[in-house]
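J.: In order, the protein sequence lines correspond to chains R and D.
Taking our numbering, the leading residue of the first sequence gets 1, the next gets one more, and so forth.
Taking our numbering, the leading residue of the second sequence gets 1001, the next gets one more, and so forth.
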Amino acid sequence: MSVDNYNPLGAWTLFQRETRRFLRVKMQTVVTPALTAIMYLLVFRYAMGERQVPGLDVPYFDFLIPGLVMMAMLQNAFANTSSSLIASKVMNVHVFLLMSPISAMEVTLAFLAAAVVRALIVAVVLLLVLIPFADVHLVHVWMILLYGICGSIIMGGFGMMAGMWAKRFDDMATITNFIIMPLTFLSGVFYSVHQLPAFWQQVNRANPFFYLIDGFRYGFLGTGDTDPGQAAAIVIAAAAAVTIACWWLWRQGWKMKE
Amino acid sequence: MSHALQIKNVSKTYRGGKQALDDVSLDVPEGSFFALLGPNGAGKSTLINILADVVRPGSGQIRLLGHDLFREHGWCKRRLGVVPQEVAFDPFFNPREILHITSGMFGAKADEAWIEQLLERLELLPHAEKNSRQLSGGMRRRLLVAQALVHRPPVVVLDEPTAGVDVELRKRLWTFMRELNAQGTTILLTTHYLEEAEELCDQVAIIDQGRLLMHRPMRELLDEVASRVLHLSWPKPLQLDAAQQQALTRWRPRVQGSCLQLCLASGEQQAFHDAYTAASLLLGPPQDVALMQEDLEDVFLRLTGDHHERG
Ligand SMILES: Nc1ncnc2c1ncn2[C@@H]1O[C@H](COP(=O)(O)OP(=O)(O)O)[C@@H](O)[C@H]1O
Ligand SMILES: [Mg+2]
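(1) If you draw a straight line from the C-alpha of L64/R to the C-alpha of F15/R, how long is it?
(2) Compare the Cα-Cα distances from D225/R to each of A232/R, I234/R, Y211/R, V235/R and report the closest residue.
(3) For A1052/D, which of E1030/D, D1090/D, Q1019/D, L1005/D has the nearest alpha-carbon?
(4) Do A123/R and M73/R come within 8 Å of each other at the CB atom, strictly closer than that value?
(5) Measuring straight from C-alpha to C-alpha, what distance separates K257/R and L1230/D?
(6) Per DSSP, what are the beta-bridge partners of L1232/D in this structure?
(7) Could you run through the region 90-104 of chain R and flag, in chain order, every residue whose CB is less than 9 Å away from some CB of chain D?
(8) Could you compute how far the alpha carbon of Q1245/D sits from the alpha carbon of P1253/D?
(9) For D227/R and chain D, any beta-carbon pair shorter than 8 Å?
(10) Ordered along the chain, which non-local residues of its own chain (more than five positions away) have a Cβ less than 6 Å from that of R1211/D?
(11) When a residue counts only if its C-beta is closer than 5 Å to some heavy atom of ligand 1, which residues count, in chain order?
(12) Output the distance between the C-alpha atoms of H1308/D and I1062/D, rounded to the nearest integer angstrom.
(13) Rounded to whole angstroms, what is the Cα-Cα separation between A198/R and R1056/D?
(14) Can you check whether the C-beta of M17/R is within less than 8 Å of a C-beta belonging to chain D?
(15) Determine, using beta carbons only, whether D1202/D and M1218/D come nearer to each other than 8 Å.
(16) When the cut-off is 8 Å and only beta carbons count, does K257/R lie next to chain D?
(17) Quick one: does I1048/D have its CB under 8 Å from some CB of chain R?
(18) Counting pairs of Cβ atoms below 8 Å between the region 1090-1101 of chain D and the region 1145-1155 of chain D, do you hit three or more?
(19) Would you say I1101/D reaches chain R, if we count a Cβ-Cβ gap shorter than 8 Å as a contact?
(20) Could you tell me whether the Cβ of T29/R comes closer than 8 Å to any Cβ of chain D?
(21) If we count the other Cβ atoms within 10 Å of its Cβ and call it buried at 16 or more, is G1311/D buried or exposed?
(22) What residue does the beta strand (DSSP E) around N1009/D start on, and which one ends it?
(23) Using only the alpha-carbon positions, how far apart do F1272/D and R1142/D sit?
(24) Taking 8 Å as the threshold (beta carbon to beta carbon), is N5/R in contact with chain D?
(25) I'd like the ranges of any beta strand (DSSP E) spanning at least 3 consecutive residues and lying wholly in the region 1174-1216 of chain D.
(26) Spatial neighbours of P101/R within its chain, please: CB distance less than 8 Å, with the 5 preceding and 5 following residues excluded, ordered by chain position.
(27) Could you run through the region 108-131 of chain R and flag, in chain order, every residue whose CB is less than 9 Å away from some CB of chain D?
(28) Tell me whether E1196/D, by its Cβ, gets closer than 7 Å to a heavy atom of ligand 2.
(29) In the DSSP assignment, what residue or residues form a beta bridge with F1033/D?
(30) List, in order along the chain, the chain D residues whose C-beta lies closer than 8 Å to that of G10/R?
(31) Using 8 Å as the threshold, is the C-beta distance between V1028/D and H1003/D below it?
(32) How should I121/R be labelled, buried or exposed, when 16 other C-beta atoms within 10 angstroms of its C-beta is the threshold for buried?
(33) Mind checking whether F1034/D and L1188/D have CB atoms under 8 Å apart?
(34) Near H137/R, which residues of its chain fall below 7 Å by C-beta distance, leaving aside the five closest residues on each side in sequence?
(35) Using C-beta distances below 8 Å, list every residue in its chain close to I1207/D, excluding the 5 sequence neighbours before and after it, in chain order.
(36) Confirm, please, whether the CB-CB distance from P1084/D to D1159/D is below 8 Å.
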């Protein structure tokens, strides 16, 4: 192992490139999710009124906010890595990434770090916009950060894999519409599993997003559908596993090299 | 002599079964200006993309400045600059930003003076702050050249860098590449323009259908270019026996059907007379005679044509 095998400047540059890319289009990457969340909020505020979430004893409204924030984080983390990679491929710029002396682990960390940064920025903006409307507190900050960051790593990693796999923008739209959207919408952002019939509760428990969102929400409400303390280890392990999977696939040149 | 690149027994078969490289071995001397020639689909880009780590190597070994390209990735990649054949540009950044980013990715702190010089020499200075989307095809290609050079690699590989670049600009690019080479950079170039290879390169290799046909100093290849070629034909197909081959050898005889071609070296005064007499003595008076001029292009066609006949 010589010093040539490490390229911290390269990884840092790549991280900056991936961050600047989304900051260049703030309108699309930060303002749009904030606006979307406000719309949901307005709609549900008047649709649900002062109703409580069954089984949890919290106002529906306070229940909704953390879920919306986490959903935006997950979607943005996914979008950052996936759109960057597919755009690079379509424009053929990915060759410079393959040519450069940045190791697979450095590439993975740079991409995932940028995804996490984007997710955190979106989360902060959303919270600043939404908190005035509701009675939401940061009850367990460590849990919020743990679930927020691990969730972003997991989704940034899935985005990276989707970006490696896809050949065209169309492929990416397919994944986003048929996998990511259903999984996020059916993850318990808008409802508590206790409201569901037994069968659908089981289905919901098979959705990994469900644990991410429930744990994140627990950090705000101090209550939830699962035991987030127990799930914490699983979430950390999942983030690590996804990171390793990205590293391994990148190292193989999976779908990136002929 | 030390080598910038040592390519040994490299083969590559793409998924789907297309064999693009078949046991190619090639040494590129350090400091040389090396031309890799070959018709479309010969496998030039495949070889370059393997060097660039954009295409997976099939089998074989490659050493860059003595280091194993496939094992010492970090060391080798810092010392290699590659201009891909396909145009690539990042629509999010302008040329100056792209050069800074590329420099950083290659582990080199951006050298402002060098970036300025690259932009100037590649005539991108007036466009340095424009969005890459606004650049013309020729500018994008020059930006790729700048990107390949920004970390000052000692070995530079260019895959058809002047395709689609107008004549004037091509000449100025040549001047720049020649300067780099004079300063010690080894340059490997693929090109469609033989004129370009002849003008710039001191070494030349020809590859066709994935196989290396020949590799020699450009001077030797040019020596092989006869100033004139004598075409003699007889009524029936020819077949030279060993003795006849031997007798005509100084004119490098080639038989095509009923036609015999003899190369007349430029210096010899009696060349035409000697060659004509020797051939008619051996084969009888020819039916038809023609004298043609030959250039590098003909040699190229002769070499690749030979291969097609054999294959
Ligand atoms: N990604 C690929 N998949 C399958 N075949 C390929 C691929 N790239 C190139 N080829 C084939 O390999 C051969 C060599 O191509 P290439 O290296 O691009 O040649 P050149 O650069 O000399 O024109 C061609 O027959 C080409 O069609
Ligand atoms: Mg090519």
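Quick reminder that beta carbons are idealized off the backbone N, C-alpha and C, glycines included.
Since the model is a prediction, treat every value here as computed from it, not as a measurement.
T.: On the basis of the supplied data:
(1) 32 Å
(2) Checking every option, the nearest Cα to that of D225/R belongs to Y211/R.
(3) L1005/D
(4) yes
(5) 50 Å
(6) L1260/D, V1289/D
(7) From the region 90-104 of chain R, only M91, N92, V93, H94, V95, F96, L97, L98, M99, S100, P101, I102, S103 have a Cβ closer than 9 Å to chain D.
(8) Distance between Q1245/D and P1253/D, taken at the CA atoms: about 7 Å.
(9) no
(10) Closer than 6 Å at Cβ, skipping near neighbours: D1022.
(11) E258/R, Y1014/D, K1018/D, A1020/D, N1040/D, G1041/D, A1042/D, G1043/D, K1044/D, S1045/D, T1046/D
(12) Its pLDDT being 46, under 50, H1308/D is placed unreliably in this model, and the value from its coordinates should be taken loosely. Looking at the two C-alpha atoms, the distance is approximately 28 Å.
(13) 50 Å
(14) Note on residue identity: the sequence assigns Arg, not Met, to residue 17/R. Taking Cβ atoms only, chain D reaches closer than 8 Å to R17/R, which makes this a yes.
(15) Yes, Cβ-Cβ distance for D1202/D and M1218/D is below 8 Å.
(16) yes
(17) no
(18) yes
(19) yes
(20) no
(21) Reliability fails at G1311/D, whose pLDDT of 33 lies under 50, so the model's placement of it is uncertain and the value that follows must be treated cautiously. With fewer than 16 other Cβ atoms within 10 Å, it is exposed.
(22) 1003-1013
(23) Straight-line Cα distance between these residues: approximately 48 Å.
(24) yes
(25) 1186-1190, 1203-1208
(26) Same-chain partners within the cutoff: D4, N7, G10.
(27) Residues passing the 9 Å Cβ filter: none.
(28) no
(29) I1187/D
(30) G1104, M1105, F1106, G1107
(31) When the beta-carbon positions are compared, V1028/D and H1003/D come within less than 8 Å of each other.
(32) buried
(33) A Cβ-Cβ contact shorter than 8 Å links F1034/D with L1188/D.
(34) F220
(35) V1024, L1036, L1037, G1038, A1042, G1043, K1044, L1047, L1213.
(36) yes
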